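Here is the structure we will look at, set down as structure tokens.
Protein chains: 2
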Amino acid sequence: MAAQHSTRRARLREATLAEIREAARRLLTTRGPAAVTINAVAREVGMSGPALYHYFSSHDELVAAVTADFFRELTAVMENARDARADAATGERLLATCRAMRGWAVAHPAEFGWIFAAAVPSAQSARLHPDTPRNRAADDFGMVFLGQLEDLWAAAPFPVPAPDELDPSVRAQLAAYAEARGHRLPPEALHVAMTCWIRLWGLLCMEVLNQLDFIYSDVAPIYEATLRDLAGMLGLEYTPPA
Amino acid sequence: MAAQHSTRRARLREATLAEIREAARRLLTTRGPAAVTINAVAREVGMSGPALYHYFSSHDELVAAVTADFFRELTAVMENARDARADAATGERLLATCRAMRGWAVAHPAEFGWIFAAAVPSAQSARLHPDTPRNRAADDFGMVFLGQLEDLWAAAPFPVPAPDELDPSVRAQLAAYAEARGHRLPPEALHVAMTCWIRLWGLLCMEVLNQLDFIYSDVAPIYEATLRDLAGMLGLEYTPPA
DNA sequence: ATCTCCTCCTTAGAGGCTCTAAAACTTCTA
DNA sequence: TAGAAGTTTTAGAGCCTCTAAGGAGGAGAT
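Line by line, the protein sequences give chains A and B. Each residue of the first sequence is one higher than the one before, counting from 1 in the numbering used here. Each residue of the second sequence is one higher than the one before, counting from 1001 in the numbering used here.
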């Protein structure tokens, strides 16, 4: 009873869903996160409040949907940057990917803050609902970064701390994650990868939250200095942006 | 007309103000940031909605007041940790201060997230209203960290990047800040200080926002590894926690 | 061609929120 | 003791989330 005769309806519905998410994003960027309300979004697309509940069953679900959109867009931007340099060295591709991430962040600070400078559903509840679109999009995003470090490791293992330098408890935590992910990186390499990720996350979040305004008017060179640092940690040659 | 005959009233008012801020904090920790509403806080202290406007002229002002409270409490905790080791080496005192910061963050994750994982009024508007209690408390907090690095620099200058390694634009931005602060650190040293601060901020915010749950169940050793790293950058001997 | 069903949309409304206005109650002072 | 000052209340406008009930229109079945 489904696929055959519901195509037209389904297309219309899809278009409306897209329009709603665009309106939500527009409100976010123009009037801030607090303005992304069911009522305001409904007004924006020309329907009256409760009608929107035919598309999203709650405000939280709308929020999750646009969050997933942002993750997917950022993922695509980073993958494009990576794939546009398919013939370049792995290290150069990683740098390009990281630069693409900041490029998106500064071009879309509200969206970046929306998805990253926010409390994440705790691991507990993520294990209960692993397959929401939001969580799938976030996982896919994570793999853009992690996947490149796996490639890098496969191509040219980077320096890692000696086994006795890594705290045994941390090693165990990382080993559990490595196992769940198929052991593409040993715990020591995962530790280096996480260190890199944490530094990029922190710097970008501070920037989009204006936490660095008090001292820096232009964070781009700070980001480049960080990338140079990370390149050093990963045994890569740092190449300045094109 | 003020001080002499208004003491009793003023005392009562002060007590009510304190009670309101405690209620707001209780709501934050027990029901999350969205539950800190004027109405809910008023109910909590046993008065009805609009009465609270005699103490705080808007929701934003209440938020700013408890934010200032949190900054002051964290500042005090860190200063205590520092001063409890007045006779120790500067490096050990700095490590103790940083550990006190994480101690407060994990003991009060909601409060830490409330003040740090939030958009800051942009520098523009901070320059227009520099003397709100919130901004003063935030500045005082910043000085706990920066002040110790100044002491450290005065006692034993740590290694800094060579002048030609530091991006000229960054150098200029830092020089402007150094001038405003009385030149207690040269731009190169400020750059190192900010690198340290950014790494601590990022790691602690990721932790309180559950952004590391997916891989780490215990972030303490990661924090210690970061401190060891920073100690290395600052030419300090790393000493494990007591 | 009509009938039924399903989808989409509407209005009405309960209950919460911020914040203003006006009135009432308390306390302090002259 | 009367008025001033400070505190608190109720009423209410206008926003919000979300539920309930019903209307208008196309899609398939008879």
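Don't be surprised by glycine CBs; every beta carbon is placed ideally from N, CA and C. In this text the structure is predicted, and so the values were computed from the model without any measurement.
Contacting residues, own chain, Cβ-Cβ under 6 Å from B/G1049 (five flanking each side not counted): Contacts found: N1039, A1042.
Let me make sure I understand the geometry here. Which of A/D131, A/M233, A/A117 has the alpha-carbon closest to that of A/M194? By alpha-carbon distance to A/M194, the top candidate from A/D131, A/M233, A/A117 is A/M233.
Local Cβ density within 10 Å of B/P1007, reported as buried at 16 or more and exposed below that: At residue 1007 of chain B the sequence reads Thr, which differs from the Pro that was named. Exposed is the call here.
Are A/L28 and A/A110 close, meaning C-beta to C-beta below 9 Å? Yes; because the gap between Cβ atoms is below 9 Å, this pair is in contact.
Kindly indicate which three-state DSSP category B/Y1053 falls into: helix, strand or coil? Under the three-state reduction of DSSP, B/Y1053 is assigned to helix.
What is the rounded straight-line gap between the Cα of B/A1156 and the Cα of B/L1094? For B/A1156 and B/L1094, the gap between their C-alpha atoms comes out near 13 Å.
Using alpha carbons as the reference points, say which of A/G91, A/E61, A/R184 lies closest to A/N135. Between A/N135 and the set A/G91, A/E61, A/R184, the nearest pair of CA atoms involves A/E61.
Could you tell me whether any Cβ in chain B is nearer than 9 Å to the Cβ of A/E188? Taking Cβ atoms only, chain B never reaches closer than 9 Å to A/E188, which makes this a no.
Neighbourhood of A/L230 by C-beta distance below 6 Å, restricted to the same chain and skipping five residues each side: Once the five neighbours on either side are set aside, the close Cβ partners of A/L230 are C196.
Would you call A/T30 buried or exposed, if buried means 16 or more other Cβ atoms sit within 10 Å of its Cβ? With fewer than 16 other Cβ atoms from the protein chains shown falling within 10 Å of its own Cβ, A/T30 counts as exposed.
Supposed close pair A/V170, B/P1163 - CB separation, criterion 8 Å: 37 Å between Cβ atoms; not a contact.
Exposed or buried, what is A/A2 when buried is set at 16 or more other beta-carbons lying within 10 Å of its beta-carbon? Because the pLDDT at A/A2 is just 36, under 50, the model does not fix this residue reliably, and the value given afterwards should be weighed accordingly. Looking at its Cβ environment, which holds fewer than 16 other Cβ atoms inside 10 Å, A/A2 is exposed.
Candidates A/A176, A/W153, A/Y55: which alpha carbon is nearest A/A189's? With distances taken between CA atoms, A/A189 lies nearest to A/W153 out of A/A176, A/W153, A/Y55.
Closer than 7 Å, Cβ to Cβ, to anything on chain A: give me those residues from the stretch 1019-1051 of chain B, in chain order. The stretch 1019-1051 of chain B vs chain A, Cβ under 7 Å: nothing.
Short of 7 Å Cβ to Cβ, which residues in the stretch 1187-1212 of chain B face chain A? Cβ contacts with chain A come from M1194, I1198, R1199, W1201, G1202, L1203, C1205, M1206, L1209, N1210, Q1211.
Determine, using beta carbons only, whether A/A178 and A/P133 come nearer to each other than 9 Å. No; because the gap between Cβ atoms is not below 9 Å, this pair is not in contact.
Just the Cα atoms here: how many angstroms apart are A/L12 and A/A138? C-alpha separation (whole angstroms): 27 Å.
So, with DSSP's three-state summary, where would you put A/P168? Of the three classes helix, strand and coil, the one that applies to A/P168 here is helix, per DSSP.
Taking 9 Å as the CB-CB cut-off, is A/E179 touching chain B? Output row for A/E179: interface = no.
Using 10 angstroms around the beta-carbon of A/A182, count the other beta-carbons present and answer buried if the total reaches 16, otherwise exposed. In the sequence as displayed, the identity of residue 182 of chain A is Gly instead of Ala. Burial call: exposed.
Boundaries (first-last residue) of the alpha helix (DSSP H) holding A/Q148: Residue range 133-155 is occupied by the alpha helix (DSSP H) that includes A/Q148.
Determine, using beta carbons only, whether A/R9 comes closer than 9 Å to chain B. Interface residue (Cβ-Cβ distance to chain B less than 9 Å): A/R9 is not classified as such.
DSSP three-state call for A/V66: helix, strand or coil? In the structure shown, A/V66 sits in a helix (DSSP, three-state: H, G or I).
If you follow the alpha helix (DSSP H) that A/G113 is part of, which residue opens it and which one closes it? Taken as a continuous stretch (DSSP letters only), the alpha helix (DSSP H) holding A/G113 covers 109-116.
Beta-carbon separation (whole angstroms), A/R102 vs A/L204, contact threshold 8 Å: Between the beta-carbon of A/R102 and that of A/L204 there is about 6 Å, and that keeps the pair under the 8 Å contact cut.
Which same chain residues, not among the five before or five after A/P159, have their C-beta less than 7 Å away from its C-beta? Excluding its 5 nearest sequence neighbours in each direction, A/P159 has C-beta neighbours in its own chain below 7 Å: G235, listed in chain order.
Quick check on B/A1084: does DSSP put it in helix, strand or coil? When secondary structure is reduced to three states using DSSP, B/A1084 falls in the coil class, being assigned neither helix nor strand.
Leaving out five residues before and five after A/A81 in sequence, what residues of the same chain have Cβ atoms less than 6 Å from its Cβ? Closer than 6 Å at Cβ, skipping near neighbours: A96, T97, A100.
In three-state DSSP terms, what is A/A105? In this structure, DSSP gives A/A105 a helical state, which the three-state scheme calls helix.
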